[in-house]
Structures are given as structure tokens and as C-alpha cells.
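**Q**
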Amino acid sequence: MLQIRKMTGADAKTVLPMVYGFYRSDAVDHAVPEETLNRTFQAAVTDGSLLEGFVLEDETGAVGFAYLSPYYACEVGGVNMMLEEIFIIPEAQGKGYGTEFFRWMEETYPEVRRFRLEVTESNQAAARLYKKLGYDFIRYEQMAKDRK
């Protein structure tokens with residue numbers, strides 16, 4: 002059975018290798034510096050941060066992690082929950098843990114008007130799961146300006 006708990010700083014040795022694995026997978030289409038990934042982990046375990054981190058565990062221990070970030074979205078007139086990242090280790094995939102996490106997320110945040118995520122074209126298995134769970138594509142061309 003899947004358990005989901007708030008991530009803490011003590012989870013670094015368990016979670017960061019999974020984060021690095023996520024960024025080497027087909028879920029990501031560009032390189033991200035390790036320094037950025039470490040800074041993100043620190044934000045996820047800091048109270049008052051805009052990012053919340055969660056550890057997914059079963060009877061074997063940690064099997065995944067997720068990062069959530071809420072913000073107000075004008076186009077839905079309320080809170081949008083961005084699922085920044087979800088990762089389940091290969092050995093735990095196919096057990097329904099992704100579906101369980103999405104169910105938990107929607108039950109835990111009833112005030113959220115829209116749940117949003119990104120998926121790369123090469124990550125078709127994830128896209129099929131998201132579609133099965135009721136997610137639809139919304140098409141926007143994204144632009145970004147990074148600050149150092």
C-alpha cells in the first residue's frame with residue numbers, strides 16, 4: 002500500500018538520487034544543472050516555500066517523490082496546482098502508485114480548481130496515464146527568460 006508523506010531535509014540521501022534519475026529520463030527534454038536540482042530539493046523541504054515535496058513509500062521503503070506548487074490562475078479563477086515532478090522508481094512502476102498519488106492529491110487539495118502538469122512528447126506512457134486520469138492537453142507555446 003502506498004503511503005505519502007511530507008518530504009524533510011533528512012530525505013536528501015533517498016530523494017536526490019531519484020531526482021537525478023528523473024532528470025535523466027524521457028520525462029525531461031533538457032539538461033538541468035545539479036546545483037539547481039539541489040536548490041529545488043531545499044525549497045521543497047523549507048516551510049513557507051512555494052514548493053511542497055512528498056515522498057511516496059510502500060512496504061519496501063521510498064519508491065518515489067513528487068513536487069507540487071500552487072498558484073492563482075486567472076483563466077480558471079482560482080488555485081492551480083502544478084505537479085512539477087512525479088517520479089516512481091522502475092521497480093515500483095505498474096503497481097498503480099501513480100494513480101494512487103493523483104487520487105491522494107485531488108482529495109488533499111479540494112480547493113484547487115485545476116491540476117496542471119507538463120509531459121514531454123517522448124514520455125507517452127505517462128501521457129496515457131494522465132489521459133486515463135482525466136487530463137487533457139492545453140496548447141500554449143511557452144516562453145521563458147531565465148535569470149542567473
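Counted the way our numbering counts, the sequence shown spans residues 2 to 149. Using N, Cα and C, we set each Cβ at its ideal position, and we do this for glycine too.
1. Helix, strand or coil for GLY22, going by three-state DSSP, please let me know.
2. Between which residues of its own chain and GLY10 is the CB-CB distance below 6 angstroms, once the five residues before and five after are set aside?
3. Can you list, in chain order, the residues of its chain whose CB lies under 8 angstroms from that of VAL33, leaving out five sequence neighbours each side?
4. Could you check whether GLY79 and ARG115 sit closer than 9 angstroms to each other, using their CB atoms as the reference points?
5. Between GLU58 and the rest of its own chain, which residues show a CB-CB distance below 8 angstroms, the 5 nearest in sequence each way excluded?
6. Rounded to whole angstroms, what's the CA-CA distance from ARG148 to LEU38? Just pull it up for me.
**A** From the atom records:
1. As a first step, residue 22 must be located in the sequence shown, where it is residue number 21. Three-state DSSP puts GLY22 in a helix.
2. Mapped onto the sequence shown, residue 10 falls at position 9. Taken in chain order, the residues that qualify are VAL46.
3. Along the sequence shown, read from residue 1 onward, the residue named residue 33 stands at position 32. Closer than 8 angstroms at the Cβ level, and outside the excluded window around VAL33, lie TYR24.
4. Here residue 115 corresponds to residue number 114 of the sequence shown, with the count starting at 1. Here residue 79 corresponds to residue number 78 of the sequence shown, with the count starting at 1. Yes.
5. As a position in the sequence shown, residue 58 is number 57, starting the count at 1. Within the same chain, GLU58 has close Cβ partners LEU3, GLN4, ILE5, ARG6 and VAL64.
6. Translated into the one-based positions of the sequence shown, residue 148 becomes position 147. Translated into the one-based positions of the sequence shown, residue 38 becomes position 37. About 16 angstroms.
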